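Let me begin by presenting the structure, written as structure tokens, before commenting on it.
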Amino acid sequence: MTMNSPLHGPAKALRLAAIGAVMLGTGAAFAYAAGWFGETRLTPQRIIDTFEAQAGHYPGYRKNHAKGLCVSGYFQPSGQAASLSTARAFSQPRVPVIGRFAIGGANPFAPDTGIPVRSLAIELST
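Each residue of the sequence shown is one higher than the last, beginning at 0 in numbering that gives the first Met the number 0.
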């Protein structure tokens, strides 16, 4: 059985430099994505301005997923689900549900087929 000897000298320095370069590059990528370089820092107002520049300004409507449909109903779990989870939604006979289907974008008058992004939000009231 052979054992690898520990690295010494230039080989060890090269390996540590490579690890340091990867860590520095990863940190720089996160800092760039956060907008810490230059004047492009991401703010809530810049996000809203971008939405309005793309789709227009529609007072009284949501800034994204502006066109949607609200739904309500109930969730009735199978009796077998209670053994699989400790969530209260599976142990009750019937759980009230409210939800919203929507398409992406800030235009509340966009055609339903014009935007490929869809969303679904659900609240189970346990």
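Even glycine gets a Cβ: it sits at the ideal position worked out from N, Cα and C.
As the structure is a prediction and not an experimental result, all values here were calculated from the model.
Boundaries of the beta strand (DSSP E) in which residue i is found, first to last residue
i: I97; result: 94-102
i: S124; result: No beta strand (DSSP E) contains S124, which DSSP labels as neither H nor E.
Secondary structure of residue i, DSSP reduced to three states
i: S184; result: Only positions 0 to 125 of the chain appear in this structure, which leaves residue 184 out of reach.
i: G72; result: strand
i: L15; result: helix
i: E38; result: coil
i: R45; result: helix
i: A28; result: helix
i: G67; result: strand
According to DSSP, residues forming a beta bridge with residue i
i: L23; result: According to DSSP, which records beta bridges pairwise, L23 is partnered with nothing at all.
i: R61; result: Looking at the DSSP assignment, R61 forms no beta bridge with any residue, so it has no partner.
Residue i: first and last residue of the uninterrupted alpha helix (DSSP H) it sits in
i: S90; result: 87-90
Rounded C-alpha distance that separates residue i from residue j
i: A81; j: T42; result: 43 Å
i: Q53; j: N63; result: 11 Å
i: S40; j: L119; result: According to the sequence shown, residue 40 is Arg rather than Ser. Taking the straight line from one Cα to the other gives about 30 Å.
i: A30; j: F50; result: 23 Å
i: G104; j: P9; result: 55 Å
i: G78; j: Q44; result: 48 Å
i: A20; j: A28; result: 12 Å
i: R87; j: Y73; result: 14 Å
i: I102; j: L15; result: 49 Å
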